[in-house]
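> Sharing a structure, written as structure tokens. Questions coming.
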Amino acid sequence: MIKGLTLNSLLPFTTLLMLASITSPLSYARDNAKDIEFAVFSLNEEFPALTKSKARMLYKGKTKKLNGSIKIVLVDLPEKSIHREEFYNMLLGKSVSQMNGYWASLSFSGKGTPPEELSSDDIKEIIEWLNNNPNGIAYAPVSAVPENANILITVLQGE
């Protein structure tokens, strides 16, 4: 035993080290997620490009149509997805919990329903959903979007 050090005096230090080792990978993933850019996209080639304002209106439920006539359907990634958190933060400046509250109030008042939520953020599931919903719009990291997708807008960090 080192003079002056006891098990009790080392306990807070070892607890702090253990917590740091547990949270470091999560914070590292979060820091790297901030470098991601997202694409709002569809497999429908007829959809026009979106302005950032129009994309915000879609994801806030303020509009459900493109060009005044094309009714669209949105899909959302799972609530626990890091991509969902980053996307809402980048596009709307809101957290997932803030958006959940927003959608809850719209649903309660009968003014809107939230986008359908997928069970995973796997690009294969997103593409399958888009194939089953011809007027569907999704979002994903740009690097995951297939080449044949119609990218409506790219959302960058800090824009």
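Residues -29 to -1, 1 to 130 (mature numbering (1 follows the signal peptide of the UniProt record, and there is no 0)) are what the sequence shown spells out, left to right.
We put the CB at the ideal spot given by N, CA and C, even for glycine.
#1: How far does the alpha helix (DSSP H) with Gly72 in it extend, from its first residue to its last?
#2: Taking the CB atoms as reference points, tell me whether Leu89 and Trp100 lie closer together than 8 angstroms.
#3: Compute the beta-carbon to beta-carbon distance between Tyr110 and Ala10, rounded to the nearest angstrom, for a pair I have assumed lies under 8 angstroms.
#4: Can you tell me where the alpha helix (DSSP H) holding Ser24 begins and where it ends?
#5: Distance check for Gly64 and Met70, CA to CA, integer angstroms please.
#6: Between which two residues does the alpha helix (DSSP H) containing Leu63 stretch?
#7: Which ranges would you report for the beta strand (DSSP E) in the region 90 to 118 if only whole runs of at least 3 residues count?
#8: Quick one: any contact between the region 75 to 84 and the region 103 to 122, if contact means 3 or more CB pairs under 8 angstroms?
#9: With distances taken Cα to Cα, identify the nearest neighbour of Pro105 among Arg55, Ser24, Thr22, Val44.
Reading from the atomic positions:
#1: Along the sequence shown, read from residue 1 onward, the residue named residue 72 stands at position 101. First-last of the alpha helix (DSSP H) with Gly72: 67 to 80.
#2: Numbered from its first residue, the sequence shown carries residue 89 at position 118. Numbered from its first residue, the sequence shown carries residue 100 at position 129. In this structure, Trp100 lies closer than 8 angstroms to Leu89 by Cβ.
#3: As a working mapping, residue 110 is identified with position 139 in the sequence shown. As a working mapping, residue 10 is identified with position 39 in the sequence shown. Yes, Tyr110 and Ala10 are in contact; Cβ-Cβ is about 7 angstroms, under 8 angstroms.
#4: For the purposes of this step, residue 24 is identified with residue 53 of the sequence shown, where counting begins at 1. Start and end: 23 to 30.
#5: For the purposes of this step, residue 70 is identified with residue 99 of the sequence shown, where counting begins at 1. For the purposes of this step, residue 64 is identified with residue 93 of the sequence shown, where counting begins at 1. Approximately 10 angstroms between the Cα atoms of the pair.
#6: Along the sequence shown, read from residue 1 onward, the residue named residue 63 stands at position 92. According to the DSSP assignment, Leu63 belongs to the alpha helix (DSSP H) that extends over 53 to 63.
#7: Runs found: 107 to 112.
#8: Segment contact: the region 75 to 84 against the region 103 to 122, fewer than three CB-CB distances shorter than 8 angstroms; contact not assigned.
#9: Within the sequence shown, numbered from 1, the residue matching residue 105 stands at position 134. Of all alpha-carbon atoms in Arg55, Ser24, Thr22, Val44, the one lying nearest the alpha-carbon of Pro105 is that of Val44.
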